[in-house]
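Worksheet: the structure to be examined is printed underneath.
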Amino acid sequence: MINWPNFVSQLFNGLALGALLALISSGLTIIYGTLGVLNLAHGAMFMIGGYAGYVTYSYTGSFILAVIAGSLFVMLLGVAMERIIIRHFYHRPHEDQLLVTFGLGICFVEIVRLIFTSQSQVAPPPALLQGITSLGFLFYPTYRLAVVGIVAVALGGLFLILYRTRLGMIVRAGIEDSVMVDSLGINVYRVFMIVFGIGAMAAGFAGIINAPVVSLTPGVGDDILVETFVVVVIGGVGSFPGAILGGLIAGEIISITSMFNPGYAYVMLFAAMTLVLVLRPHGLLGTQGRE
Amino acid sequence: MLKQRPYLIELLTAAGLIVAPFVLPWFGFAPNTVNRILVWGLFGLGFDILFGFTGLLSFGQSAFYGTGGFVAAWLLTRAGFPNVVLALVIGMIAAAAAGYLIGLIALRRTGIYFAMITVAIAEVFFFVEFNPLSDFTGGENGLPGVPTPSFNLGFTTLHFTTGWSLYQFLALCYFIGVVIALRIVRSPVGAVFSAIRDNPLRATAVGHNIHGYKLTAFVIAAAYAGFAGGLLGVLQAFMPPDAFTFDTSGQLVMQTAIGGRGTLFGPLVGAAVWLSLQDFLQAALGLGAAWKLVLGVVFVLLVCFLRRGIIGGLADLSDLLTGQRGAREPEESEPEVAAVASAPHAAVADAAPTPVRARPEGGPTGPILQAKGLTKRYGGLLANSDIDFTVNHGELRGIIGPNGAGKSTFFKMLTCEVHPTSGTILFEGRDITGMNVTDVCQLGLTKSYQVNQLFAGLTVRENLVIAALSGLRGKFKLDLFRSIDSIPGLTERVQHTLELVNLASRPDTPVAELAYGEKRRLEIGLALATSPSLLLLDEPLAGMSPRERVETVKLLKSISQGRTMIIIDHDMDALFELAERVTVLQEGRVLVEGTPEEIKNNSTVQEAYLGGVHGVLAA
């Protein structure tokens, strides 16, 4: 029998998870769309964001500072990664790009493991958002509600950058045809660097926001990466709206299935992905031929 | 590389496996480490066929490793199954079946999509093992008590227990695995695999059903993974649940890249490096958990600087030391010089009246190709509108038209690369509208591309073999264990094509080392080797120097003997010289059709194409 308050609270959980997945996936998808590189180290970016925020928080005690410092750190890491390694791989086959980002992801995870050990760290939510809120018919952790709001704001910011700025226009043009953008006299490689930084920052930001919800371990990014892939396949590679839609769908599927049996969460997620692949191979909001 | 002498690699492998237990202890290898390397190496044989040979990078091989392993282990521990080898084989079959089903889904997409889907699927297997199926798999405890194999030979019983004793069994399995893998990569199927890796689009266009072959490679990889997974249980006397983790898939990928992809032995070498470095870093240097970081850095550096891994690096080094490459270059460029030098003479000879082209004797007559009302619309753009077009058996037709006249779109519709918005295409009396490129090529209609579409990683001969195979074997055939040399007619057809396109002097040159003109000829050769009854040539002269043009026109003339061809080109002089009839397209429509003489003197053509005689005068 379905317990209604429980069901609604799972719906909220799904919304919070879905919002996070949407943010991480949009980072992955704009990087792939613009640069043509699938960043397998994206999960590690998520994880490093969490740790960077955690460290800042332990020193300063300020959640806001933790979010800012953590995001900036991951963005700089992304830019450095693009400058030093990724840019040498633009003209190499996809497999090589996958291999090198996969290797980098392992390096990042192991470096963090070396510094912080495998033990999980607990990052408490900011004082203001602790406790639970009454929604009338159920009580729900305040921070999780806040997560939905914070991520919605972040996605809104990303939307403004992508759809309301000159840079965003170039990025969207680059997703359609980066060779053409290059030949229009725009330094496409500088744009690539910025996009990689922004994409990484989206994952890092999500990592910080997510840290108080689950405990931090060096492996926290691995599962997220797999879920992100499913989101991108469902939503369509290179599509920002697709990442948001896919994220929300995936979040709800995981949460609602978990209510009945957590063991089947991934099975259902996978079933949804298969269904999309069969019915709309290029994703719900993807464009055909973009691969 | 895998061609050399027959059975040489098999013999060397056998020798290496026999000598290993006597040599490796000197280097500090414990028998258990060697056994683990063998299991990884066997796992990697299948993966290398998938990744190194077919170009499909899967991050989800743990799904099949775990499936095979748990099925075998369950049979042996819970179901009381007595025969270890049989259990391993059943595990392998189960993994292959899983591979078939998963392949149907994952192979709907290519490239990064494929990689992402395989990761996701493997993760599902992991969760299923832990939860819904934990009654069968022991969940996080795995399945302990997997027995080791023993064989009752009647007069004595062979037991393979642990250490070097079990090594004998594993080495035999690995050896059989190598023999099978070598046969597969040397078979026609193996040739198509490498064609798919190098240029899936062209592999489709020369008439191979690449989806079927990809699925085959996927199932082969899954079968190897399943068998290796079973051996893991036997080796550890315990089937660990972490066989299903993403780390397993990741480690396999990394070991293969470290050792060298596309070499079959790369995964073995990679596993040896991986496991011995792990032991060394952990034990000797006391690095503890940091070993994985060191390996990660080593891996990234290898991917950056040594793309083909250790084996590839060694091969390049030995080439460098023996000076093979340096010595080969000048020798290869010689025929090219000779060909160019002879070109002017050829041009003089061709100035003589063109001999009458021989028609195919006793062959069918009448139309070979009929297009009716062919229209192609891209959104608001009408690329082709209402084209009626007929070509007879034995004819050599030219198509000209200004840029944007819709010539290439027209060709793409004829070969069924794109489907017309309306209209029908009849080829040899058969309606081919809506068929796919592969089937149309199998029927005998193919084209050479405007922009070269070659199998860039292979040699000239290998390129032509791939094209010739489709004609001789059909679009899909699972002759996995057949030697490619034993296909009747293949050698002759390849040799014949080599001579036709004037590349007989350098069959073993890699495509990357060919001059542009030679690549262009090979492009035509690829289409020819499928032995089409109607050959379309899309701008065969594009981008050629005047000298190369003369050469190629001569070549086209000799090819056209006894063939039906349609040629698009901008070089009108060449086309008027070659073609018997010429069709002029303009703005997606047929403007006029006639003999070269009629076209030359047609005022509408002059108007459209040359801006008109009056226009010139007026200017």
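Chains as they are written, first to last, in the working numbering: chain Y, 1038 to 1328; chain V, 19 to 637.
Every residue gets a Cβ at the ideal spot worked out from N, C-alpha and C, and that includes glycine.
Note that the structure is predicted; figures quoted are calculated from it, not measured.
List the residues of chain Y whose Cβ lies closer than 7 Å to the Cβ of residue 223 of chain V, in chain order. Here residue 223 of chain V is taken as the residue at index 205 of the second sequence, counted from 1. Near residue 223 of chain V there are no residues of chain Y at all, since even the closest Cβ is about 18 Å away, more than 7 Å.
Measuring CB to CB, does residue 529 of chain V end up less than 8 Å from residue 223 of chain V? Residue numbering aside, residue 529 of chain V sits at position 511 when the second sequence is read from its first letter. Residue numbering aside, residue 223 of chain V sits at position 205 when the second sequence is read from its first letter. No, they are not a contact pair.
Classify residue 404 of chain V as helix, strand or coil using the three-state DSSP reduction. For the purposes of this step, residue 404 of chain V is taken as residue 386 along the second sequence, with counting starting at 1. Residue 404 of chain V: strand per DSSP, three-state reduction.
Take every Cβ of the region 430-446 of chain V, pair it with every Cβ of the region 613-623 of chain V, and state whether three or more of those distances are shorter than 8 Å. no
Rounded to the nearest angstrom, how far is the Cβ of residue 202 of chain V from that of residue 498 of chain V, given a contact under 8 Å? Counted from its first residue, the second sequence places residue 202 of chain V at position 184. Counted from its first residue, the second sequence places residue 498 of chain V at position 480. About 5 Å separates the two Cβ atoms, so the contact holds.
Where do the N-terminal and C-terminal ends of the beta strand (DSSP E) with residue 176 of chain V fall, by residue? Position 158 of the second sequence, counted from the start, is the residue given in the question as residue 176 of chain V. Segment 175-177, the beta strand (DSSP E) holding residue 176 of chain V.
Taking the alpha carbon of residue 1113 of chain Y as the point to measure from, which residue in Y/1305, Y/1235, Y/1309 and Y/1158 has its own alpha carbon closest? Translated into positions along the first sequence, residue 1113 of chain Y becomes position 76. Among Y/1305, Y/1235, Y/1309 and Y/1158, the Cα nearest to that of residue 1113 of chain Y belongs to Y/1235.
Quick test of your reading: residue 463 of chain V and residue 552 of chain V, contact by CB under 8 Å. State the CB separation rounded to the nearest angstrom. Sequence index remark: in the second sequence, residue 463 of chain V carries index 445 (1-based). Sequence index remark: in the second sequence, residue 552 of chain V carries index 534 (1-based). The Cβ separation is near 5 Å, so the contact holds.
With a CB to CB cut of under 7 Å and the five nearest residues on each side skipped, what residues in its chain are close to residue 360 of chain V? For this step, residue 360 of chain V is matched to residue 342 along the second sequence. Interpretation of residue 360 of chain V is limited by its pLDDT of 43, a score under 50 that renders its predicted location unreliable; the figure taken from the coordinates is listed afterwards. For residue 360 of chain V, where only same-chain residues beyond five positions count, there are no Cβ hits under 7 Å.
Taking the alpha helix (DSSP H) that residue 597 of chain V falls in, what are its first and last residues? To locate residue 597 of chain V, count along the second sequence from 1; it is residue 579. Careful: residue 597 of chain V lies outside any alpha helix (DSSP H) and carries neither H nor E.
For the beta strand (DSSP E) that residue 388 of chain V lies in, which residues bound it at each end? As a first step, residue 388 of chain V is located in the second sequence; it is residue number 370 there, counting from the start. Residues 385-396.
Return the residue from the list Y/1101, Y/1048, Y/1093 and Y/1126 that minimises the CA-CA distance to residue 1226 of chain Y. Translated into positions along the first sequence, residue 1226 of chain Y becomes position 189. When only C-alpha atoms are compared, the closest one is Y/1126.
Say whether chain Y places a C-beta atom closer than 8 Å to the C-beta of residue 317 of chain V. Residue mapping note: residue 317 of chain V aligns to position 299 of the second sequence, counting from 1. Chain Y, which has a Cβ nearer than 8 Å to the Cβ of residue 317 of chain V, makes this yes.
Where residue 1318 of chain Y meets chain V, residues with beta-carbon distance less than 8 Å: As a first step, residue 1318 of chain Y must be located in the first sequence, where it is residue number 281. Ordered by position in chain V, the residues that pass the 8 Å Cβ test against residue 1318 of chain Y are 126 and 127.
I'd like to know if residue 1281 of chain Y contacts chain V, where contact means its C-beta is closer than 8 Å to some C-beta of that chain. Residue numbering aside, residue 1281 of chain Y sits at position 244 when the first sequence is read from its first letter. No, its Cβ sits nowhere closer than 8 Å to a Cβ of chain V.
Against chain Y, does residue 325 of chain V count as a neighbour if the rule is that its beta carbon must be under 8 Å from one of theirs? Position 307 of the second sequence, counting from 1, holds the residue named residue 325 of chain V. At least one chain Y Cβ lies under 8 Å of residue 325 of chain V.
Could you list which residues in chain Y have their beta carbon closer than 8 Å to that of residue 135 of chain V, in chain order? If you number the second sequence from 1, residue 135 of chain V lands on position 117. Simply 1266, 1270, 1310 and 1314.
Cα-Cα, which of Y/1081, Y/1187, Y/1066 and Y/1091 is closest to residue 1052 of chain Y? On the first sequence, position 15 is the one that residue 1052 of chain Y refers to. Among Y/1081, Y/1187, Y/1066 and Y/1091, the Cα nearest to that of residue 1052 of chain Y belongs to Y/1187.
Touching or not, the region 294-311 of chain V and the region 254-261 of chain V, by the rule of three or more beta carbon pairs under 8 Å? no
Taking contact to mean 3 or more Cβ pairs, one atom from each stretch, closer than 8 Å, check whether the region 62-77 of chain V and the region 279-288 of chain V are in contact. yes
Determine the burial state of residue 374 of chain V: buried for a count of at least 16 other Cβ atoms within 10 Å of its Cβ, exposed for fewer. As a first step, residue 374 of chain V must be located in the second sequence, where it is residue number 356. In this prediction, residue 374 of chain V has a pLDDT of 48, which is less than 50 and means its spatial position is unreliable; what the coordinates show is noted afterwards. Label assigned to residue 374 of chain V: exposed.
Which parts of the region 1051-1109 of chain Y are runs of the alpha helix (DSSP H), unbroken and 4 residues or longer, counting only runs that do not cross its ends? 1079-1097
What in chain V is Cβ-close to residue 1150 of chain Y, meaning under 9 Å? Residue 1150 of chain Y sits at position 113 when you count from the first residue of the first sequence. Near residue 1150 of chain Y (Cβ distances below 9 Å), the residues of chain V are 307, 308, 310 and 311.
Beta carbon of residue 7 of chain V nearer than 8 Å to that of residue 213 of chain V: The structure shown does not extend to residue 7 of chain V, since chain V spans only 19 to 637, so no value can be given for it.
Quick test of your reading: residue 413 of chain V and residue 599 of chain V, contact by CB under 8 Å. State the CB separation rounded to the nearest angstrom. What you label residue 413 of chain V is simply residue 395 of the second sequence in a count that begins at 1. What you label residue 599 of chain V is simply residue 581 of the second sequence in a count that begins at 1. At roughly 7 Å, the Cβ-Cβ gap stays under 8 Å, so residue 413 of chain V and residue 599 of chain V are in contact.
Taking all protein chains shown into account, decide if residue 550 of chain V is buried (16 or more other Cβ within 10 angstroms of its Cβ) or exposed. Walking along the second sequence from the start, residue 550 of chain V turns up at place 532. Buried, because 16 or more other Cβ atoms sit within 10 Å of the Cβ of residue 550 of chain V.
With 16 other CB atoms within 10 Å as the buried threshold, where does residue 125 of chain V fall? Taking the second sequence and counting its residues from 1, one reaches residue 125 of chain V at position 107. Buried, by the Cβ-count rule.
In three-state DSSP terms, what is residue 505 of chain V? As a first step, residue 505 of chain V is located in the second sequence; it is residue number 487 there, counting from the start. Three-state result, residue 505 of chain V: coil.
My parser needs the beta strand (DSSP E) runs of 3 or more residues fully inside the region 160-194 of chain V; what are they? 168-170 and 175-177
Which of helix, strand or coil does DSSP assign to residue 453 of chain V? Within the second sequence, residue 453 of chain V is the residue found at index 435, counting from 1. Three-state DSSP puts residue 453 of chain V in coil, outside helix and strand.
Since residue 1265 of chain Y is in the alpha helix (DSSP H), which residue starts that stretch and which ends it? Walking along the first sequence from the start, residue 1265 of chain Y turns up at place 228. Here the alpha helix (DSSP H) through residue 1265 of chain Y covers 1257-1272.
Find the residues of chain V that neighbour residue 1131 of chain Y, judging by a C-beta separation of less than 7 Å, and give them in chain order. For the purposes of this step, residue 1131 of chain Y is taken as the residue at position 94 of the first sequence. The contacting residues are 129 and 130.
What are the residues of the region 227-261 of chain V that lie near chain Y, defined by any Cβ-Cβ distance shorter than 9 Å? none
Would you decide whether residue 36 of chain V is buried or exposed? Buried here means 16 or more other CB atoms lie within 10 Å of its CB. Residue mapping note: residue 36 of chain V aligns to position 18 of the second sequence, counting from 1. Exposed, by the Cβ-count rule.
Where does residue 410 of chain V sit, in a helix, a strand or coil, going by DSSP? Indexing the second sequence from 1 puts residue 410 of chain V at position 392. Three-state result, residue 410 of chain V: strand.
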